[in-house]
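The block underneath contains the structure these notes are about, expressed in structure tokens.
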Amino acid sequence: MEELIIKNLRAGVEGKEILKGVDLRIGKGEVHVIMGPNGAGKSTLSAVLAGRPNFKVTEGEVLFDGADLLAMTPEERSWAGIFLSFQYPVEIPGVSITNFMKAALAARRKAQGLPELTPAEFLKLLREKMALVQMKGEFARREVNVGFSGGEKKRNEIFQMAMLEPSLAILDETDSGLDVDALKTVSDGVNSLRSPRRSFVIITHYQKLLEYIKPDVVHVLKEGRIVKTGGPELADFIWKEGFESING
Amino acid sequence: MDKRIFIIGRDNVPERLSLKAGQSIFWTLVALPGVSAELSLEVDIEGEGCEVDIAGLYLCKDSENLSLNMNVRHNAPGSVSRQVFKGILDGKAKVNFDGLIYVRKDSQRTKAAQQSKTILLSSEAVISTRPQLEIYADDVECSHGAASGFLNTDELFYMRSRGIPEDQARRMQMTSFLSTVLQRLPQSLQEEITDCL
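Read top to bottom, the protein sequences are chains A and B. This note's numbering puts the first residue of the first sequence at -13, with every later residue one more than the last. This note's numbering puts the first residue of the second sequence at 515, with every later residue one more than the last.
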């Protein structure tokens, strides 16, 4: 069954059209990579899917598990199972990672009609997911992203993804600015979260990440449209020939 | 160390204070919603090795009128003063913040900083800040800054994208904004304040 269906999506910001008719279908459990040059609309696509307020959709529709995604608020999208790993995660001084995740999980469970986790259950989950991204005990007490290195911020995104167990995870250039060790930690985190019930959209303009994460489908986004779709070999081709060689 | 907390409108805040060498204060001023007041505090540092640490927090929800006038005078060398004020204004609240740091000619090796930050929740709320430095010594480290604005939309979106509902995310943002001052207060007072957000 298809998890996400994007039909002729046109969207932009501040009156400027960036996505010019995107069509995309993602099946349950599939890993899709979207590559493309700077300014192609990759981050706009992730922003529109997650519901960033200043982005305006002018045409098209997005169905998520059959529901109208574009009609939902950002928090409703999260409750429905969407997770966006930010390219530039935001710092929240004075709010610990523990309290941030407690609030997020409590709101989600309430929306889903589930009882709140007991403190013991929450702590167990927190430890389990921290181990997944190799975060030490003190990490949970740190203020969200405050004073984090680039790599720590991205690991924190993957940690939050693990905590929230989304059915569709969108990774917006999670690999950019990471050294090889951090890239490996992030990729291991993603790989261990792969499941038949969870799809991924991985946005990148490096091919390096694909040495660690094997996608099912690769798309090329250029000038606001998907101009080519193929298997993992498409990424190799782009790596050798560049985006210029691909025209829609 | 003279560590004190003043709830404006409930506690009397001294108007003048003079510090001798080696004396330090760590004061926190809090104005809860519904409080209109005119507050003036003059601190004279008359000796070396003093540390003045004053923080303030004010929450105005409606039509409060708050006037804060802070004067810190370094009349002797080698002392430190730090001031940080954070406010959240809603409705038609009006806040006036005047802050003066004065460093006398022979007050070398002075370190003085003053910061005033305000979040406006309503377009009818007004903050007027006037930070002033009057420095006559040359071997000093002094800074002041004033900023006011609305809640950061990137922060809000980040929280909501994790499933935190908008109103709760706004309260979390305000708590985050106030955190440097909140941390100086006992748990019960922190809760009293965050319950007002």
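From the three backbone atoms N, C-alpha and C, an ideal C-beta is built for every residue, glycine too.
Can you check which of these residues, the options, is closest to residue i by C-alpha distance?
i, options, result
"E197(A)", "M116(A), V187(A), K214(A), K170(A)", "K170(A)"
"N233(A)", "M147(A), G210(A), I144(A)", "G210(A)"
"T215(A)", "G22(A), V(-1)(A), I4(A), K6(A)", "G22(A)"
"G613(B)", "A661(B), S693(B), Q628(B)", "Q628(B)"
"I615(B)", "S595(B), V527(B), I641(B), D604(B)", "S595(B)"
"G137(A)", "I78(A), R128(A), V119(A)", "V119(A)"
"A683(B)", "A89(A), Q73(A), A53(A), I224(A)", "A89(A)"
"D652(B)", "S637(B), S630(B), R618(B)", "R618(B)"
"I519(B)", "I602(B), D620(B), F671(B), S702(B)", "S702(B)"
"A66(A)", "R95(A), A106(A), V43(A), L179(A)", "R95(A)"
"Y650(B)", "E562(B), L670(B), N589(B)", "N589(B)"
"N666(B)", "E655(B), F691(B), V654(B)", "F691(B)"
"H191(A)", "A26(A), N(-6)(A), G1(A), V(-1)(A)", "A26(A)"
"T709(B)", "D516(B), E552(B), E669(B), P547(B)", "With the sequence shown as reference, residue 709(B) is identified as Asp, and Thr is not the correct amino acid for it. Comparing Cα positions, the closest option is P547(B)."
"P528(B)", "R685(B), M515(B), T542(B), G536(B)", "T542(B)"
"N585(B)", "V654(B), L531(B), I678(B)", "L531(B)"
"T44(A)", "S29(A), K6(A), H18(A)", "K6(A)"
"V654(B)", "R623(B), F671(B), I602(B)", "R623(B)"
Any Cβ of chain B within less than 8 Å of the Cβ of residue i?
i, result
"G80(A)", "yes"
"P39(A)", "yes"
"L112(A)", "no"
"E61(A)", "yes"
"A(-3)(A)", "no"
"A148(A)", "no"
"A155(A)", "no"
"A36(A)", "yes"
When burial is assigned at 16 or more other CB atoms within 10 Å of the CB, is residue i buried or exposed?
i, result
"P182(A)", "exposed"
"S71(A)", "buried"
"V34(A)", "buried"
"V132(A)", "exposed"
"P645(B)", "buried"
"P75(A)", "buried"
"E114(A)", "exposed"
"Q73(A)", "buried"
"S630(B)", "buried"
"L112(A)", "buried"
"M673(B)", "buried"
"M147(A)", "buried"
"G37(A)", "buried"
"A(-3)(A)", "buried"
"V257(A)", "Residue 257(A) is absent from the model: chain A starts at -13 and stops at 234."
"E669(B)", "buried"
Does the CB of residue i have a neighbour CB from chain A at under 8 Å?
i, result
"S690(B)", "yes"
"I713(B)", "For chain B, the structure presents residues 515 to 711; residue 713(B) sits outside this window and is missing."
"S702(B)", "no"
"T667(B)", "yes"
"F671(B)", "yes"
"S693(B)", "yes"
"M515(B)", "no"
"S675(B)", "yes"
"L699(B)", "no"
"Q682(B)", "yes"
"M584(B)", "no"
"L696(B)", "yes"
"I602(B)", "no"
"I615(B)", "no"
"I678(B)", "yes"
Find out if the Cβ-Cβ distance for the pair residue i, residue j is shorter than 8 Å.
i, j, result
"R524(B)", "D558(B)", "no"
"E16(A)", "D202(A)", "yes"
"L696(B)", "Q687(B)", "no"
"P152(A)", "I224(A)", "no"
"D576(B)", "F540(B)", "no"
"V172(A)", "F186(A)", "no"
"G605(B)", "A639(B)", "yes"
"L533(B)", "E556(B)", "no"
"E61(A)", "E680(B)", "yes"
"V609(B)", "I641(B)", "yes"
"R127(A)", "S82(A)", "yes"
"G46(A)", "L10(A)", "no"
"V(-1)(A)", "N40(A)", "yes"
"G570(B)", "S593(B)", "no"
"F50(A)", "L(-10)(A)", "yes"
"S621(B)", "S64(A)", "no"
Run the proximity test for residue i: is its beta-carbon closer than 7 Å to any non-hydrogen atom belonging to the ligand PLP?
i, result
"N526(B)", "What this structure holds is no ligand at all, so the ligand PLP is not there to describe."
Mind listing which residues of the segment 634 to 664 of chain B have their C-beta closer than 9 Å to chain A's C-betas, in chain order? Going along the segment 634 to 664 of chain B in chain order, one finds no residue with a Cβ nearer than 9 Å to chain A.
Please list, in chain order, the residues of the segment 64 to 79 of chain A that have any C-beta partner in chain B closer than 9 Å. S64, W65, I68, F69, L70, F72, Y74, P75, V76, E77, I78, P79
Give the residues from the segment 88 to 112 of chain A that approach chain B closer than 7 Å (Cβ to any Cβ), ordered along the chain. A89, A90, A93, R94
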